[in-house]
Every structure is written in C-alpha cells, then in structure tokens.
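**Q**
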C-alpha cells in the first residue's frame with residue numbers, strides 16, 4: 009500500500025515505514041503529524057485517485073527531527089562590468105517517518 013501526498017508545494021510517494029525530508033513543519037520533534045492532502049492511494053493494486061484529494065484518506069507520520077539542507081550557491085556575474093554576487097541558501101527541513109496510511 010502506498011500513497012501520494014502533497015506538503016510544502018511538493019508531492020511525495022510514501023509507504024508505511026518510509027522516512028522522508030519535507031519542508032519545515034511547525035510540529036515539535038517526537039510528536040505525530042497528519043497529512044490530509046492525499047492525492048492518490050494504491051491498496052493492493054486498486055487505485056483511488058482524488059479530485060484533487062482522496063476523501064477520508066490521511067497519512068500519519070512521526071516527526072523525527074528538524075534539519076537544514078545542503079547549502080545552495082547562487083552566483084551572479086556580468087563580465088567586464090565588475091559585478092558579481094554570491095548568495096547562499098539553506099532550506100529548513102523536517103525529517104518524518106510514515107507510520108500508517110488511512111483510507
């Protein structure tokens with residue numbers, strides 16, 4: 009059984025026991041979190057596709073920890089003009105472990 013859920017503007021395919029990194033959630037580490045925006049559920053080959061979400065479906069997960077992602081560098085330069093800018097960014101992430109998928 010697997011599901012496709014949406015959080016933070018991104019979609020993730022998850023199954024029970026999966027660990028994934030999502031955009032930062034306001035839930036504290038060690039607490040459970042419920043994802044209500046479930047777009048698709050596959051149960052033993054039977055697909056339930058939502059329009060836009062599957063009614064009554066949810067994904068239960070536990071928040072493992074909060075981390076920061078890898079540093080991304082944005083380097084801008086205009087040649088022969090003396091202009092260059094270096095900007096770094098680290099995304100705030102939350103590591104969650106999926107416990108169950110409810111239909």
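In the numbering used here, the protein residues as written are 9 to 111.
The beta carbon of each residue, even a glycine, is placed where N, CA and C say it ideally should be.
1. Between the segment 18-25 and the segment 53-61, can you find at least three pairs of beta-carbon atoms closer than 8 angstroms?
2. If the criterion is Cβ atoms closer than 9 angstroms, does the pair residue 92 and residue 79 meet it?
3. How close, in whole Å, do the beta carbons of residue 67 and residue 46 come, if the pair is a contact with beta carbons under 8 angstroms?
4. Assuming contact is defined by CB atoms lying nearer than 9 angstroms, are residue 102 and residue 35 in contact in what I supplied?
5. Would you kindly work out how many angstroms separate the C-alpha atoms of residue 105 and residue 28, rounded to a whole number?
6. Going straight from the alpha carbon of residue 15 to that of residue 50, what length do you get?
**A** Walking through what the data contain:
1. Segments in contact, no.
2. Their beta carbons are not under 9 angstroms apart, which means residue 92 does not touch residue 79 by this criterion.
3. Cβ atoms of residue 67 and residue 46 come within 8 angstroms of each other, at about 6 angstroms.
4. Between residue 102 and residue 35, the CB-CB gap stays under 9 angstroms.
5. Inter-residue distance for residue 105 and residue 28 is about 7 angstroms (C-alpha atoms, whole angstroms).
6. Taking the straight line joining both Cα atoms gives about 19 angstroms.
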